[in-house]
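Just so we're aligned: the sequence shown equals residues 7 to 260 in the working numbering. Just so you know, even glycine gets a beta-carbon here, dropped at the ideal spot from N, CA and C. Data first, discussion second: the structure below is written as structure tokens.
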Amino acid sequence: MARLEGKVAIITGAGSGQGAEEARLFAKEGAKVVATDIQEEKVKAVADEINAQYEGAAIAMKHDVTDERVWQTVIEEAVAKFGKVDILINNAGIGGAEGFGKIDDVDLAGWERFMTVNATSNFLGIKSVVPEMRKNGKGSIVNISSMAGIVGGAAGVHYTASKGATRLLTKGAAVELGSDNIRVNSVHPGFINTPMTSVVLDNPEMKATALKDIPLGIVGEPEDVAYLVLFLASDEARFITGSEYIIDGGQTAR
Ligand code: NAP
């Protein structure tokens with residue numbers, strides 16, 4: 007049997023990079039996918055691609071994860087189209103060149119934007135989806151943090167703080183929601199080859215410097231993260247909650 011047969015998953019930031027790959031893999035493994043992103047055209051293209059292969063497996067929605075009202079709309083639409091919500095992947099985030107900015111260059115507005123998009127939105131997602139998961143008697147939430155949520159120096163302090171907040175939001179929610187059989191875990195990628203890291207990976211010198219810090223000597227691909235997220239989302243991980251999973255080629259093991 008497919009690993010997510012009969013499951014309904016909301017995946018944010020699914021128009022690009024890791025979220026898009028998770029949407030494809032989840033559909034391949036039997037899930038119905040509500041793929042959302044602030045980039046409407048991109049997420050529609052991902053859903054169209056999925057539906058061409060697995061008819062009716064995906065819908066696309068424009069969704070700014072910082073907007074609480076839109077979260078309600080997304081969940082209502084998921085239930086209207088697919089009947090329930092089993093899985094939430096809080097994947098949408100910002101980083102890029104700005105995410106590597108130094109303390110002297112980050113102003114209050116920049117700090118608040120990173121905290122809102124990368125951390126507060128995950129709280130909104132959890133708060134919005136939990137009532138629906140309680141109706142099913144179970145659920146799995148995966149928050150995409152970063153290796154920068156575990157150690158300092160991997161990115162700017164604003165990005166690092168937002169991902170650290172996500173790490174402990176995960177543990178707090180896991181403890182609180184365990185009695186509802188709702189599991190909450192965090193994933194901490196290192197360097198993954200997506201548009202977010204192109205500022206480093208498209209620059210040969212910066213890429214070579216980055217690779218020196220990675221024991222496996224390669225960067226990860228979106229598919230690598232998607233397989234870990236798939237496992238945590240599935241019932242195979244039924245005894246796992248409040249845990250953090252690093253996927254970084256060994257970078258933080260030093
Ligand atoms: P990506 O390719 O840039 O995808 C992120 C998607 O989220 C983009 O489509 C982005 O749109 C969207 N988004 C941004 N703000 C949003 C908002 N307010 N509401 C809804 N969607 C929004 O990046 P990725 O690498 O796949 O990143 C996925 C997650 O992994 C992020 O949380 C990121 O912080 C985390 N992560 C990435 C790496 C890495 O090496 N790539 C490492 C550690 C953690 P825009 O293009 O308009 O911003």
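Give the secondary structure of Pro221 by DSSP, where H, G and I count as helix, E and B as strand, and everything else as coil.
-> Three-state result, Pro221: coil.
Which residues in the same chain as Leu222 place their Cβ atom closer than 7 angstroms to its Cβ, once the five residues preceding and following it in sequence are excluded?
-> Around Leu222, the same chain offers Gly255, Gly256 as residues with beta carbons nearer than 7 angstroms, after the five sequence neighbours per side are excluded.
Residues sharing a beta bridge with Val18, DSSP = For clarity, residue 18 is Thr in the given sequence; the question names Val instead. Thr18 pairs with Thr42.
In angstroms, rounded to a whole number, what distance separates the CA positions of Asn191 and Ala154?
-> Taken atom to atom, the span from the alpha-carbon of Asn191 to that of Ala154 is near 16 angstroms.
In the region 95-171, which residue ranges form an unbroken alpha helix (DSSP H) of at least 4 residues, counting only runs that do not cross its ends?
-> As for any alpha helix (DSSP H) of minimum length 4 sitting wholly inside the region 95-171, the runs are 102-105, 114-121, 127-142, ordered along the chain.
6 angstroms Cβ shell around Met121 - same chain, five flanking residues per side excluded | Closer than 6 angstroms at the Cβ level, and outside the excluded window around Met121, lie Ser168.
Find the nearest neighbour of Gly131 within the set Ala53, Val148, Asp219, Trp117, judged by alpha-carbon distance.
-> Among Ala53, Val148, Asp219, Trp117, the Cα nearest to that of Gly131 belongs to Val148.
Write down the C-beta distance between Ala15 and Asp43 rounded to the nearest angstrom, noting that I regard them as a contact closer than 8 angstroms.
-> Rounded, the Cβ-Cβ distance is 14 angstroms, inconsistent with contact.
Minimum C-alpha distance to Ala84 - residue among His69, Ala98, Asn97, Asp73 = Measuring from the Cα of Ala84, the nearest candidate turns out to be His69.
Nearest candidate by alpha-carbon position, reference Ser127, set Ile17, Glu28, Gly12, Ile56 | With distances taken between Cα atoms, Ser127 lies closest to Ile17.
Hey, is Asn97 close to the ligand NAP, as in C-beta under 6 angstroms from one of its heavy atoms?
-> Checking the Cβ of Asn97 against the ligand NAP gives yes.
Decide yes or no for the touch test of the region 25-42 against the region 89-101: beta carbon pairs closer than 8 angstroms, at least 3 of them.
-> Yes: at least three Cβ pairs fall under 8 angstroms.
Relative to the ligand NAP, is the shortest distance from any of its heavy atoms to the C-beta of Met121 smaller than 6 angstroms?
-> No - the ligand NAP has no heavy atom lying nearer than 6 angstroms to the Cβ of Met121.
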